[in-house]
Amino acid sequence: MTLTPTVKRLLAVTASLAMALSLAACGTAKTGEEAPGHRITLTITADKGWDENSTPAIVHIKGLDEDNASVDFYHAVKADEDGNKGTSEVEVDKGRYDIDVISPVNKDGSAYELFDTGDATEVAISDEQDEVTVDCQMTFISADKVTDDMLKTIVTDTKTAVENGDSTLKGDNGKAILDKLDNNVNANPNASDETKEDASKADEEVNVDSEPADTTSKPADKPSDGNASSSSSNSGSSNAGNSGNNNSGNSNSNSGSSSNTGNSGSSDKPSKPAHQHSWKQHTAQKWVSNMVTVPDYETQKVAVGTRYIFAYDGYTTTSDTNAENHAMELILAGLPDNYRMETIYETKQVQVGSHQEDHGHNETYVDYEYCDCGARR
(Lines of atoms letter the chains of each structure in order from A and count residues from 1; the text may use other names and numbers.)
(Lines give C-alpha, C1' and ligand atoms only; values in the text may rest on other atoms or scores of the structure.)
Protein backbone atom coordinates (compact mmCIF):
# COMPACT_ATOMS: atom_id res chain seq x y z
CA MET A 1 0.00 0.00 0.00
CA THR A 2 1.40 3.38 -0.92
CA LEU A 3 2.49 5.42 2.07
CA THR A 4 0.08 8.31 2.51
CA PRO A 5 1.20 11.73 3.81
CA THR A 6 -0.17 11.07 7.25
CA VAL A 7 1.32 12.75 10.22
CA LYS A 8 3.95 9.86 10.31
CA ARG A 9 7.52 9.70 11.47
CA LEU A 10 10.37 7.24 11.26
CA LEU A 11 10.12 4.90 14.21
CA ALA A 12 13.14 4.32 16.44
CA VAL A 13 13.64 0.56 16.24
CA THR A 14 15.40 -1.71 18.74
CA ALA A 15 15.58 -5.46 18.20
CA SER A 16 15.60 -7.76 21.24
CA LEU A 17 16.69 -11.32 20.43
CA ALA A 18 15.34 -14.25 22.45
CA MET A 19 17.74 -17.17 21.74
CA ALA A 20 16.85 -20.85 21.94
CA LEU A 21 16.91 -22.31 25.46
CA SER A 22 19.14 -25.24 24.48
CA LEU A 23 21.12 -26.55 21.53
CA ALA A 24 18.49 -29.23 21.08
CA ALA A 25 15.89 -26.56 20.41
CA CYS A 26 18.00 -25.41 17.46
CA GLY A 27 17.64 -28.75 15.70
CA THR A 28 15.76 -29.28 12.44
CA ALA A 29 11.99 -29.01 12.83
CA LYS A 30 10.00 -32.14 12.16
CA THR A 31 8.02 -32.35 8.94
CA GLY A 32 4.58 -30.74 9.35
CA GLU A 33 5.54 -29.00 12.61
CA GLU A 34 4.60 -25.30 12.98
CA ALA A 35 7.55 -22.89 13.02
CA PRO A 36 8.12 -21.02 16.32
CA GLY A 37 5.99 -17.88 16.63
CA HIS A 38 7.45 -14.42 16.13
CA ARG A 39 6.07 -11.15 17.41
CA ILE A 40 6.48 -7.42 17.06
CA THR A 41 6.13 -5.48 20.31
CA LEU A 42 4.86 -1.95 19.68
CA THR A 43 5.56 0.74 22.27
CA ILE A 44 4.08 4.19 21.61
CA THR A 45 4.86 7.16 23.87
CA ALA A 46 3.67 10.79 23.82
CA ASP A 47 5.00 13.81 25.66
CA LYS A 48 1.48 14.86 26.71
CA GLY A 49 -2.23 14.83 25.86
CA TRP A 50 -2.74 11.19 24.78
CA ASP A 51 -5.37 9.47 26.93
CA GLU A 52 -8.52 7.34 26.89
CA ASN A 53 -10.45 10.13 25.12
CA SER A 54 -7.99 10.16 22.20
CA THR A 55 -8.09 7.94 19.16
CA PRO A 56 -5.43 5.22 19.30
CA ALA A 57 -2.12 5.31 17.51
CA ILE A 58 -2.71 3.03 14.52
CA VAL A 59 0.25 1.01 13.26
CA HIS A 60 0.41 -0.14 9.62
CA ILE A 61 2.39 -3.36 9.13
CA LYS A 62 3.15 -4.55 5.60
CA GLY A 63 5.22 -7.54 4.50
CA LEU A 64 8.13 -6.82 2.14
CA ASP A 65 9.19 -10.34 1.19
CA GLU A 66 7.69 -12.80 -1.26
CA ASP A 67 6.87 -15.14 1.62
CA ASN A 68 4.90 -12.51 3.58
CA ALA A 69 3.61 -10.36 0.72
CA SER A 70 0.00 -11.05 1.71
CA VAL A 71 0.53 -9.44 5.13
CA ASP A 72 -0.86 -5.92 5.02
CA PHE A 73 -2.88 -4.88 8.06
CA TYR A 74 -3.42 -2.20 10.71
CA HIS A 75 -3.25 -2.57 14.48
CA ALA A 76 -4.53 -0.09 17.10
CA VAL A 77 -2.46 0.80 20.16
CA LYS A 78 -4.50 2.58 22.84
CA ALA A 79 -3.14 4.83 25.58
CA ASP A 80 -2.94 3.03 28.92
CA GLU A 81 -4.73 4.13 32.11
CA ASP A 82 -1.96 6.55 33.09
CA GLY A 83 -1.95 8.11 29.61
CA ASN A 84 0.82 9.04 27.16
CA LYS A 85 1.98 5.45 26.66
CA GLY A 86 0.60 2.33 25.01
CA THR A 87 2.05 -1.13 24.39
CA SER A 88 0.76 -3.99 22.26
CA GLU A 89 2.05 -7.18 20.63
CA VAL A 90 1.37 -8.57 17.15
CA GLU A 91 2.13 -12.12 16.04
CA VAL A 92 3.83 -12.30 12.65
CA ASP A 93 5.97 -14.63 10.55
CA LYS A 94 9.69 -14.18 10.02
CA GLY A 95 10.74 -11.72 7.34
CA ARG A 96 10.96 -8.03 6.59
CA TYR A 97 8.17 -5.56 7.31
CA ASP A 98 7.44 -1.89 6.76
CA ILE A 99 5.97 -0.22 9.83
CA ASP A 100 4.50 3.27 10.07
CA VAL A 101 2.01 5.02 12.33
CA ILE A 102 -1.12 7.17 12.00
CA SER A 103 -1.24 9.97 14.57
CA PRO A 104 -3.95 9.95 17.25
CA VAL A 105 -6.35 12.90 17.52
CA ASN A 106 -7.01 14.14 21.04
CA LYS A 107 -10.29 15.36 22.52
CA ASP A 108 -9.50 19.03 21.77
CA GLY A 109 -8.40 18.33 18.18
CA SER A 110 -4.67 18.30 18.89
CA ALA A 111 -2.45 15.66 17.28
CA TYR A 112 1.16 14.47 17.13
CA GLU A 113 4.33 14.79 15.15
CA LEU A 114 5.91 11.36 15.03
CA PHE A 115 9.63 10.92 15.60
CA ASP A 116 12.05 11.95 12.85
CA THR A 117 11.44 12.18 9.10
CA GLY A 118 8.21 10.32 8.39
CA ASP A 119 9.68 7.40 6.42
CA ALA A 120 8.28 3.95 7.12
CA THR A 121 10.56 1.84 9.28
CA GLU A 122 11.83 -1.46 7.94
CA VAL A 123 12.25 -4.23 10.51
CA ALA A 124 13.38 -7.79 9.97
CA ILE A 125 12.73 -10.94 12.01
CA SER A 126 14.93 -13.97 11.44
CA ASP A 127 14.45 -17.61 12.49
CA GLU A 128 16.62 -16.98 15.55
CA GLN A 129 14.53 -14.04 16.76
CA ASP A 130 11.36 -14.35 18.80
CA GLU A 131 10.69 -10.64 19.08
CA VAL A 132 11.39 -7.25 17.57
CA THR A 133 10.53 -4.17 19.60
CA VAL A 134 9.45 -0.97 17.85
CA ASP A 135 9.48 2.28 19.83
CA CYS A 136 7.62 5.33 18.51
CA GLN A 137 7.89 8.73 20.15
CA MET A 138 5.13 11.27 19.49
CA THR A 139 5.52 15.03 19.98
CA PHE A 140 2.41 17.04 20.87
CA ILE A 141 1.01 19.53 18.31
CA SER A 142 -1.54 21.92 19.82
CA ALA A 143 -4.97 22.07 18.17
CA ASP A 144 -4.40 25.54 16.70
CA LYS A 145 -1.23 24.30 14.94
CA VAL A 146 -2.86 21.20 13.43
CA THR A 147 -3.80 22.08 9.84
CA ASP A 148 -6.92 20.98 8.00
CA ASP A 149 -4.72 19.00 5.58
CA MET A 150 -3.26 17.03 8.49
CA LEU A 151 -6.73 16.23 9.86
CA LYS A 152 -8.04 15.30 6.43
CA THR A 153 -5.19 12.83 5.96
CA ILE A 154 -5.68 11.32 9.42
CA VAL A 155 -9.40 10.82 8.73
CA THR A 156 -8.73 9.16 5.36
CA ASP A 157 -6.00 6.89 6.73
CA THR A 158 -8.02 5.95 9.83
CA LYS A 159 -10.94 4.85 7.64
CA THR A 160 -8.55 2.73 5.56
CA ALA A 161 -7.09 1.28 8.77
CA VAL A 162 -10.47 0.28 10.21
CA GLU A 163 -11.48 -1.30 6.90
CA ASN A 164 -8.24 -3.32 6.74
CA GLY A 165 -7.48 -3.75 10.42
CA ASP A 166 -7.07 -6.71 12.74
CA SER A 167 -9.38 -7.38 15.69
CA THR A 168 -8.27 -4.20 17.47
CA LEU A 169 -10.03 -2.17 14.75
CA LYS A 170 -13.13 -4.30 14.19
CA GLY A 171 -16.55 -4.59 15.83
CA ASP A 172 -17.11 -2.47 18.93
CA ASN A 173 -13.44 -1.41 18.87
CA GLY A 174 -13.81 0.03 15.38
CA LYS A 175 -17.09 1.78 16.21
CA ALA A 176 -15.57 3.42 19.30
CA ILE A 177 -12.55 4.61 17.31
CA LEU A 178 -14.70 6.18 14.58
CA ASP A 179 -16.91 7.88 17.19
CA LYS A 180 -13.85 9.44 18.85
CA LEU A 181 -12.46 10.44 15.46
CA ASP A 182 -15.72 12.26 14.67
CA ASN A 183 -15.86 14.11 18.01
CA ASN A 184 -12.18 15.00 18.17
CA VAL A 185 -11.81 16.23 14.58
CA ASN A 186 -14.93 18.38 14.97
CA ALA A 187 -13.36 19.98 18.07
CA ASN A 188 -10.39 21.32 16.08
CA PRO A 189 -10.71 25.04 15.17
CA ASN A 190 -8.90 24.56 11.83
CA ALA A 191 -11.02 21.68 10.56
CA SER A 192 -13.00 22.58 7.44
CA ASP A 193 -16.68 21.68 7.06
CA GLU A 194 -15.65 19.10 4.47
CA THR A 195 -13.20 17.40 6.84
CA LYS A 196 -15.71 17.45 9.70
CA GLU A 197 -18.36 15.87 7.48
CA ASP A 198 -15.88 13.25 6.28
CA ALA A 199 -15.14 12.29 9.90
CA SER A 200 -18.83 12.24 10.81
CA LYS A 201 -19.74 9.92 7.92
CA ALA A 202 -16.82 7.54 8.46
CA ASP A 203 -18.97 4.99 10.29
CA GLU A 204 -21.32 4.86 7.28
CA GLU A 205 -18.50 4.25 4.80
CA VAL A 206 -16.44 1.69 6.70
CA ASN A 207 -17.45 -1.90 7.45
CA VAL A 208 -16.36 -2.50 11.03
CA ASP A 209 -17.98 -5.93 11.08
CA SER A 210 -15.93 -7.46 8.27
CA GLU A 211 -13.41 -10.23 8.99
CA PRO A 212 -10.25 -8.99 10.75
CA ALA A 213 -7.12 -8.92 8.61
CA ASP A 214 -4.58 -11.75 8.93
CA THR A 215 -1.38 -10.84 10.77
CA THR A 216 0.51 -13.83 9.41
CA SER A 217 1.09 -15.10 5.88
CA LYS A 218 -1.57 -17.07 4.10
CA PRO A 219 -0.75 -20.81 3.74
CA ALA A 220 0.14 -20.42 0.05
CA ASP A 221 2.77 -17.84 0.97
CA LYS A 222 4.53 -19.93 3.59
CA PRO A 223 7.63 -21.95 2.64
CA SER A 224 7.93 -25.67 3.36
CA ASP A 225 11.17 -27.46 4.38
CA GLY A 226 13.16 -24.29 3.85
CA ASN A 227 12.04 -23.76 0.23
CA ALA A 228 10.44 -20.49 -0.79
CA SER A 229 8.39 -22.12 -3.54
CA SER A 230 4.68 -22.72 -2.92
CA SER A 231 3.50 -25.69 -0.85
CA SER A 232 1.89 -27.30 -3.88
CA SER A 233 5.19 -27.25 -5.81
CA ASN A 234 7.09 -28.69 -2.84
CA SER A 235 4.51 -31.41 -2.46
CA GLY A 236 4.86 -32.30 -6.12
CA SER A 237 8.62 -32.51 -5.91
CA SER A 238 8.42 -34.59 -2.74
CA ASN A 239 6.03 -37.08 -4.31
CA ALA A 240 8.28 -37.41 -7.32
CA GLY A 241 11.22 -38.19 -5.06
CA ASN A 242 9.29 -40.71 -2.94
CA SER A 243 8.01 -42.59 -5.96
CA GLY A 244 11.52 -43.14 -7.19
CA ASN A 245 10.82 -41.57 -10.55
CA ASN A 246 13.95 -39.90 -11.90
CA ASN A 247 12.63 -38.86 -15.29
CA SER A 248 13.69 -35.59 -16.81
CA GLY A 249 10.28 -34.03 -16.24
CA ASN A 250 10.52 -34.36 -12.48
CA SER A 251 14.13 -33.28 -12.56
CA ASN A 252 13.17 -30.08 -14.37
CA SER A 253 10.41 -29.46 -11.86
CA ASN A 254 12.81 -29.76 -8.95
CA SER A 255 15.29 -27.55 -10.72
CA GLY A 256 12.56 -24.98 -11.12
CA SER A 257 11.86 -25.07 -7.41
CA SER A 258 15.51 -24.39 -6.67
CA SER A 259 15.42 -21.47 -9.07
CA ASN A 260 12.38 -20.03 -7.31
CA THR A 261 14.13 -20.31 -3.99
CA GLY A 262 16.96 -18.15 -5.25
CA ASN A 263 14.60 -15.58 -6.72
CA SER A 264 12.64 -15.21 -3.50
CA GLY A 265 15.62 -14.29 -1.37
CA SER A 266 14.69 -11.20 0.59
CA SER A 267 18.18 -9.80 1.09
CA ASP A 268 18.53 -8.70 -2.55
CA LYS A 269 15.12 -7.05 -2.80
CA PRO A 270 15.47 -3.29 -3.39
CA SER A 271 14.39 -1.20 -0.46
CA LYS A 272 11.42 1.12 -0.63
CA PRO A 273 12.23 4.62 -1.96
CA ALA A 274 12.74 7.11 0.84
CA HIS A 275 9.98 9.60 1.50
CA GLN A 276 10.75 13.03 0.03
CA HIS A 277 9.36 15.98 1.94
CA SER A 278 7.24 18.49 0.05
CA TRP A 279 7.58 21.62 2.15
CA LYS A 280 4.77 24.14 2.39
CA GLN A 281 4.84 27.48 4.13
CA HIS A 282 2.69 28.05 7.19
CA THR A 283 2.01 31.74 7.73
CA ALA A 284 1.01 33.75 10.76
CA GLN A 285 0.43 37.43 11.46
CA LYS A 286 2.08 39.79 13.88
CA TRP A 287 1.22 43.38 14.80
CA VAL A 288 3.73 46.09 13.87
CA SER A 289 3.13 49.00 16.25
CA ASN A 290 3.07 52.70 15.24
CA MET A 291 2.05 54.99 18.13
CA VAL A 292 0.78 58.47 17.20
CA THR A 293 -0.69 61.41 19.15
CA VAL A 294 -4.29 62.13 18.18
CA PRO A 295 -6.00 65.44 19.24
CA ASP A 296 -9.36 65.29 21.01
CA TYR A 297 -12.09 67.73 19.82
CA GLU A 298 -15.44 68.89 21.14
CA THR A 299 -18.18 70.94 19.50
CA GLN A 300 -18.52 74.26 21.37
CA LYS A 301 -20.01 77.77 20.92
CA VAL A 302 -17.10 80.16 20.61
CA ALA A 303 -17.21 84.03 20.89
CA VAL A 304 -15.92 85.42 17.61
CA GLY A 305 -16.85 89.15 17.87
CA THR A 306 -19.14 91.96 19.17
CA ARG A 307 -22.16 93.55 17.51
CA TYR A 308 -23.07 97.28 18.23
CA ILE A 309 -26.75 98.18 17.91
CA PHE A 310 -27.70 101.93 18.23
CA ALA A 311 -31.07 102.65 19.86
CA TYR A 312 -31.91 105.85 17.95
CA ASP A 313 -31.70 104.61 14.37
CA GLY A 314 -30.95 100.85 14.70
CA TYR A 315 -27.56 101.21 13.13
CA THR A 316 -25.60 97.94 13.58
CA THR A 317 -21.93 97.24 13.12
CA THR A 318 -19.28 94.82 14.32
CA SER A 319 -16.48 97.33 13.86
CA ASP A 320 -15.30 99.28 16.88
CA THR A 321 -14.15 102.16 14.65
CA ASN A 322 -17.46 102.38 12.81
CA ALA A 323 -19.35 102.35 16.10
CA GLU A 324 -17.25 105.28 17.44
CA ASN A 325 -17.70 107.29 14.24
CA HIS A 326 -21.48 106.77 14.20
CA ALA A 327 -21.78 107.81 17.84
CA MET A 328 -19.86 111.04 17.07
CA GLU A 329 -22.15 111.81 14.14
CA LEU A 330 -25.23 111.45 16.38
CA ILE A 331 -23.75 113.71 19.06
CA LEU A 332 -22.86 116.45 16.56
CA ALA A 333 -26.39 116.27 15.22
CA GLY A 334 -27.76 116.65 18.75
CA LEU A 335 -29.16 113.18 18.74
CA PRO A 336 -28.85 110.41 21.36
CA ASP A 337 -25.87 108.11 20.79
CA ASN A 338 -26.74 105.29 23.15
CA TYR A 339 -26.32 101.66 21.89
CA ARG A 340 -26.16 98.08 23.16
CA MET A 341 -23.55 95.40 22.57
CA GLU A 342 -24.15 91.71 21.75
CA THR A 343 -21.51 88.93 21.72
CA ILE A 344 -21.42 86.98 18.47
CA TYR A 345 -21.04 83.13 18.81
CA GLU A 346 -20.18 80.45 16.27
CA THR A 347 -20.24 76.62 16.67
CA LYS A 348 -16.75 75.19 16.20
CA GLN A 349 -14.70 72.01 16.82
CA VAL A 350 -12.39 72.88 19.68
CA GLN A 351 -9.38 70.78 20.74
CA VAL A 352 -9.75 69.88 24.38
CA GLY A 353 -6.84 67.45 24.73
CA SER A 354 -5.13 64.48 23.03
CA HIS A 355 -4.56 60.74 23.34
CA GLN A 356 -2.22 58.03 22.01
CA GLU A 357 -3.35 55.61 19.29
CA ASP A 358 -1.56 52.65 17.72
CA HIS A 359 -1.79 53.12 13.96
CA GLY A 360 0.16 49.93 13.27
CA HIS A 361 -0.66 47.11 10.88
CA ASN A 362 -0.69 43.32 10.63
CA GLU A 363 2.33 41.84 8.92
CA THR A 364 2.23 38.30 7.46
CA TYR A 365 5.33 36.15 7.99
CA VAL A 366 6.33 32.49 7.63
CA ASP A 367 6.58 30.97 11.10
CA TYR A 368 7.46 27.45 9.94
CA GLU A 369 7.39 25.05 7.00
CA TYR A 370 5.55 21.74 7.08
CA CYS A 371 5.04 18.60 5.06
CA ASP A 372 1.71 16.77 4.83
CA CYS A 373 3.40 13.81 6.49
CA GLY A 374 3.55 15.92 9.67
CA ALA A 375 7.20 16.99 9.62
CA ARG A 376 7.98 20.62 10.42
CA ARG A 377 11.04 22.81 10.23
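The sequence shown begins at 1 in the working numbering and counts up by one.
Ideal Cβ placement from N, Cα and C applies to all residues, glycine included.
Euclidean distance between Cα positions of residue i and residue j
i: S289; j: T283; result: 19 Å
i: M150; j: A46; result: 18 Å
i: Y365; j: T147; result: 17 Å
i: T347; j: T306; result: 16 Å
i: N327; j: M341; result: Looking at the sequence itself, residue 327 is Ala, so the reference to Asn does not match. Answer to the nearest angstrom: the Cα atoms are 13 Å apart.
i: D130; j: Y368; result: 43 Å
i: W279; j: C371; result: 5 Å
i: N338; j: Y297; result: 40 Å
i: T41; j: V90; result: 6 Å
i: Q137; j: E211; result: 31 Å
i: Q281; j: L181; result: 27 Å
i: D135; j: Q356; result: 57 Å
i: R377; j: P295; result: 47 Å
i: K145; j: Q351; result: 48 Å
i: K196; j: E204; result: 14 Å
i: A199; j: M291; result: 47 Å
i: W50; j: D82; result: 10 Å
i: V132; j: A124; result: 8 Å
i: A375; j: G353; result: 55 Å
i: A323; j: V302; result: 23 Å
i: D179; j: E122; result: 32 Å
i: A202; j: L114; result: 24 Å
i: V208; j: A176; result: 10 Å
i: N183; j: G86; result: 21 Å
i: D127; j: P189; result: 50 Å
i: T343; j: Y315; result: 16 Å
i: L335; j: Q349; result: 44 Å
i: Y345; j: V304; result: 6 Å
Presumed contact (8 Å Cβ cut-off) between residue i and residue j, rounded CB distance
i: I141; j: S110; result: 6 Å
i: D93; j: T216; result: 5 Å
i: N186; j: Q285; result: The pair is not a contact, with the Cβ atoms about 26 Å apart (cut-off 8 Å).
i: T55; j: P104; result: 5 Å
i: G165; j: A76; result: 7 Å
i: N84; j: K107; result: 14 Å between Cβ atoms; not a contact.
i: T317; j: Y308; result: 5 Å
i: V155; j: G174; result: Not confirmed; about 14 Å, so no contact.
i: E52; j: A69; result: 36 Å between Cβ atoms; not a contact.
i: V206; j: K159; result: 5 Å
i: D65; j: R39; result: Actually they do not touch by this definition, with Cβ atoms about 17 Å apart.
Bridge partner(s) assigned by DSSP for residue i
i: H38; result: V92
i: W287; result: N362
i: D72; result: K62
i: K280; result: Y370
i: S354; result: P295
i: A327; result: BP columns for A327 are empty, so no partner.
i: A46; result: M138
i: Y339; result: F310
i: E346; result: V302
i: R376; result: Y370
i: A57; result: V77
i: G165; result: Y74
i: T316; result: I309
Residue i Cβ short of 7 Å to the ligand ZN heavy atom set
i: G174; result: The ligand content of the structure shown is nil, which means the ligand ZN is not present either.
Which runs of the alpha helix (DSSP H) at least 4 residues long sit entirely within the region 168–220? Give them in chain order. 171–186, 193–200, 202–205
Does the pairing of the region 91–102 with the region 58–66 give three or more beta-carbon distances under 8 Å? yes
My parser needs the beta strand (DSSP E) runs of 3 or more residues fully inside the region 98–163; what are they? 111–114, 121–125, 131–141
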